[in-house]
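In UniProt numbering, the protein residues as written are 1 to 254. By construction, the Cβ of each residue, glycine as well, lies at the ideal position given by its N, Cα and C atoms. Here is the structure we will look at, set down as structure tokens.
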Ligand code: BTN
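Set out below in structure tokens:
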């Protein structure tokens, strides 16, 4: 069960807890189709059996040990072409809650993976419903590895695995804090503070302004991330030429 009392205006004020479900993003989409839920509603489960990730991947999380939830937003003020601004605000909201726990190695890997050094701590899957040129609904799915310590692959980590001393994190407490920091960043976006969001996002961007290897269309290349364009594309300087990549067009060699 989750009982939280976040100091927020709307995010997390209503919580729908499901002991088990296939995907909280799917459950949230059903609510949008069936009723007109309040903005800020959070759907959370202890046991997500068919979690979805980006690029058609699965999201796996051991039951009862992690946070898997979806937040419903109504960003009617945001044009569909500007949807990356929401990705930035959400990434920063998560960063703000985790940074005091994890410290300076915490990063956002473009577009919105939560990384600590070269390991993934969490992921975000944002699914938007458009109304004309703007976004009517946004289902913001967040998966964070919290108390799980065994993973199928070495590139995953968790708060518990990173803790210097064994420490079981309080899941409702962490969710409550996330509601607060997510709302602060969302309100920044809603009030037009885009410059602040972009500056802050670049400050914590994984491998920003460092030379590394990437891969695009089966070709490996070296380059340096130099920024994000207004459409959310990653700008990489490769041999003096700036190349721009959309969501599925480039991967990092880690
Ligand atoms: C990724 O990194 O690929 C994104 C992972 C997103 C996982 C979360 S867990 C809660 C929500 N429900 C889902 O089915 N997916 C998201």
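Return yes when the C-beta of residue 16 is under 7 Å from any heavy atom of ligand 1, and no when it is not. no
Going along the chain, which residues of its own chain have a beta-carbon closer than 7 Å to the beta-carbon of residue 210, five neighbours each way excluded? 224
Mind checking residue 203: buried by the 16 CB within 10 Å criterion, or exposed? By the neighbour-count rule (16 or more Cβ atoms within 10 Å), residue 203 is not buried but exposed.
Out of 50, 68 and 52, which has the shortest C-alpha to C-alpha gap to residue 17? 68
Beta-carbon gap between residue 129 and residue 32 smaller than 8 Å: yes
For the candidate residues 226, 88, 62 and 97, whose alpha-carbon lies nearest to that of residue 189? 88
Do you know how far the Cα of residue 143 is from the Cα of residue 102? 16 Å
Between the alpha carbons of residue 98 and residue 91, how many angstroms are there, rounded? 11 Å
Spatial neighbours of residue 77 within its chain, please: C-beta separation below 8 Å, excluding the five flanking residues on both sides. 134 and 190
Per-residue DSSP class, three states only, for residue 145: coil
I'd like the span of the alpha helix (DSSP H) that includes residue 99, first residue to last. 84 to 102
Tell me which same chain residues have a C-beta within less than 7 Å of the C-beta of residue 55, skipping the five on either side of it? 248
Contacts around residue 63, its chain only, beta-carbon distance under 7 Å, and the 5 residues preceding and following it disregarded: Around residue 63, the same chain offers 46 and 47 as residues with beta carbons nearer than 7 Å, after the five sequence neighbours per side are excluded.
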